[in-house]
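J.:
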Amino acid sequence: MKTKLKKVINFLLRIDVFNRIIVFISMVLFLILPSYVLYSITNYNNNIDIVLPCLLLLSAIIGTGLFALYNPIKLSLFYFLELLIILVTYNKNFTNLYIIDDRINQTAIFILETCYCAISFLFNAFFIFKYLFRRNNRYAFKELTNSDSIYDFLNARPYNKKIENKIEDISRTSNKINLMPSLKKLKLSKTMRTITYISVLVLTIYYFLNIIAQGDIENNPMTYVLSVLLLTTSSAISFTAIFPKDYRYAFFYNVCILEVAGILTCRYSDLNPLMFIICLIWAVLSLLAALITEGRTWMGATPDDL
């Protein structure tokens with residue numbers, strides 16, 4: 003009996019199982035408050051300062067939470083960090099929901115959820131730091147995509163390396179500038195992902211300057227959306243530098259969701275949503291490039307990094 007109990011405890015304490023448990027518990031418990039708030043919304047108490055934080059929290063819980071359940075070892079860290087960012091950024095909104103029954107202690111719920119996310123984040127941060135120094139993580143920094151360069155993107159099939167080397171030798175002997183080696187080393191999916199993040203930075207600066215010009219920063223709903231967008235995408239792009247294969251889709255998911263949220267707030271902030279729309283289109287195209295280059299490996303193609 004003791005042996006079986008010990009096996010069960012060891013199984014539950016395994017990092018992937020333990021992370022799935024704490025992520026699942028957070029998804030179940032954290033869904034209650036925003037779902038109840040949205041259920042209580044009517045035409046008379048409809049307010050973007052109430053609706054938007056709940057929608058962003060739900061998108062993180064369901065979307066990033068599912069990514070974390072699929073890959074609990076690496077993505078749980080980002081999941082709890084994103085929840086922390088949303089909770090802290092919208093702390094006044096979550097503790098002053100006037101459409102909730104007075105018997106519900108909103109401040110206590112907020113503090114418990116924040117502490118739960120903070121402890122879970124610190125635990126996973128310690129594990130990831132320890133994981134990076136292991137010897138068996140040689141694939142951690144690799145894209146693991148196929149034909150992932152501007153030169154090879156449309157190829158999508160094995161090519162004769164001998165013939166390719168001969169062509170490169172001919173190009174070297176000629177007087178013309180040979181860009182082929184540089185183009186082959188440049189990862190298309192990584193380049194487009196980086197440009198996506200740069201577009202987020204430019205977008206954030208542009209709209210922050212417009213909000214400052216209007217003079218009402220604290221009460222502008224876009225201020226908080228831009229803060230969450232900047233912090234979340236900066237965290238995600240940092241993690242993609244370490245685990246690109248594991249974090250690329252979580253990065254694109256959050257970019258798209260938060261840019262859609264930005265488009266919605268443009269109406270209340272009296273700003274033009276054109277830049278949000280352009281950046282959103284580029285993010286979708288970058289996502290498609292990542293799906294195509296990695297999708298080839300799902301069909302049996304050998305990754306370029308191997």
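If you want our numbering, it's the position in the sequence shown, counting the first as 1, plus 2. Note that beta-carbon positions come from the ideal geometry of N, C-alpha and C, so glycine has one too.
(1) Which two residues bound the contiguous alpha helix (DSSP H) that contains residue 77?
(2) Ignore the nearest five residues each way along the sequence and tell me which others in residue 237's own chain have a CB closer than 7 Å to its CB.
(3) Of the choices 6, 303, 292 and 308, whose alpha-carbon is the least far from that of residue 151?
(4) Could you spell out where the alpha helix (DSSP H) holding residue 261 opens and where it closes?
(5) Please classify residue 44 as buried or exposed, where buried requires at least 16 neighbouring CB atoms within 10 angstroms.
(6) With a CB to CB cut of under 6 Å and the five nearest residues on each side skipped, what residues in its chain are close to residue 65?
(7) Going by the CB atoms, is the gap between residue 213 and residue 273 shorter than 9 Å?
(8) Please return the same chain residues whose Cβ sits closer than 8 Å to the Cβ of residue 123, not counting the five positions on each side in sequence.
(9) Looking at residue 50: is its Cβ nearer than 9 Å to the Cβ of residue 270?
(10) Give the range of the alpha helix (DSSP H) segment to which residue 297 is assigned.
(11) Does the contact criterion of 3 or more C-beta pairs under 8 Å hold for the stretch 275-282 versus the stretch 218-238?
(12) Identify every residue that forms a DSSP beta bridge with residue 151.
(13) Does the contact criterion of 3 or more C-beta pairs under 8 Å hold for the stretch 55-74 versus the stretch 11-30?
(14) How would you write the range of the alpha helix (DSSP H) that residue 7 sits in, first residue to last?
(15) Indicate whether residue 205 and residue 54 have their beta-carbon atoms separated by less than 9 Å.
(16) Assign residue 156 to one of three DSSP states: helix, strand, or coil.
(17) Tell me whether residue 243 is buried or exposed, calling it buried when 16 or more other Cβ atoms sit within 10 Å of its Cβ.
(18) Could you tell me which of 119, 11, 191 and 197 sits nearest to residue 59, measuring between CA atoms?
(19) Using C-beta distances below 6 Å, list every residue in its chain close to residue 29, excluding the 5 sequence neighbours before and after it, in chain order.
(20) Leaving aside the five residues before and after residue 97 along the sequence, list all residues of the same chain whose C-beta is less than 8 Å from its C-beta, in chain order.
(21) Which of the three DSSP states, helix, strand or coil, is assigned to residue 305?
(22) If you drop the 5 nearest sequence neighbours on each side, which residues of the same chain put their C-beta closer than 7 Å to that of residue 39?
(23) Between 27, 250, 294 and 61, which has its C-alpha nearest residue 115's C-alpha?
(24) Below 9 Å between beta carbons: does that hold for residue 203 and residue 156?
(25) In this structure, how does DSSP classify residue 49 when only helix, strand and coil are distinguished?
(26) Count the other CB atoms within 10 Å of the CB of residue 220; is the residue buried (16 or more) or exposed (fewer)?
T.: Taking the coordinates as given:
(1) Element bounds for residue 77: 74-91.
(2) Answer for residue 237: 80 and 83, listed in chain order.
(3) Nearest of 6, 303, 292 and 308 to residue 151, Cα basis: 292.
(4) Unbroken alpha helix (DSSP H) run through residue 261: 246-271.
(5) With fewer than 16 Cβ atoms within 10 Å of its Cβ, residue 44 is classed as exposed.
(6) These residues qualify, in order along the chain: 255.
(7) Yes, they are a contact pair.
(8) Excluding residues within five positions, the ones whose Cβ falls inside 8 Å are 79, 82, 83 and 86.
(9) A contact, by the Cβ cut-off of 9 Å.
(10) 276-300 is the extent of the alpha helix (DSSP H) around residue 297.
(11) No, the stretch 275-282 is not in contact with the stretch 218-238.
(12) Residue 151 is bridged to 189.
(13) Enough Cβ pairs lie closer than 8 Å, so yes.
(14) First-last of the alpha helix (DSSP H) with residue 7: 4-14.
(15) Not a contact, by the Cβ cut-off of 9 Å.
(16) Of the three classes helix, strand and coil, the one that applies to residue 156 here is coil, per DSSP.
(17) Around the beta carbon of residue 243, a 10 Å sphere encloses fewer than 16 other beta carbons of the protein chains shown; the residue is thus reported as exposed.
(18) Taking the Cα of residue 59 as reference, the smallest distance to any Cα among 119, 11, 191 and 197 is reached at 119.
(19) Excluding sequence neighbours, residue 29 sits near 63 and 67.
(20) Exclusion of the five residues before and after residue 97 leaves 108, 109 and 112 as the residues of its chain whose Cβ lies within less than 8 Å of its Cβ.
(21) DSSP places residue 305 outside both helix and strand once states are collapsed to three, so it counts as coil.
(22) 52, 56, 99, 101 and 102, listed in sequence order.
(23) The residue from 27, 250, 294 and 61 with its alpha-carbon nearest to that of residue 115 is 27.
(24) Result no, Cβ atoms of residue 203 and residue 156 do not sit closer than 9 Å.
(25) If DSSP states are grouped into helix, strand and coil, residue 49 belongs with coil.
(26) Taking all protein chains shown into account, residue 220 has fewer than 16 neighbouring C-beta atoms within 10 Å of its C-beta and is therefore exposed.
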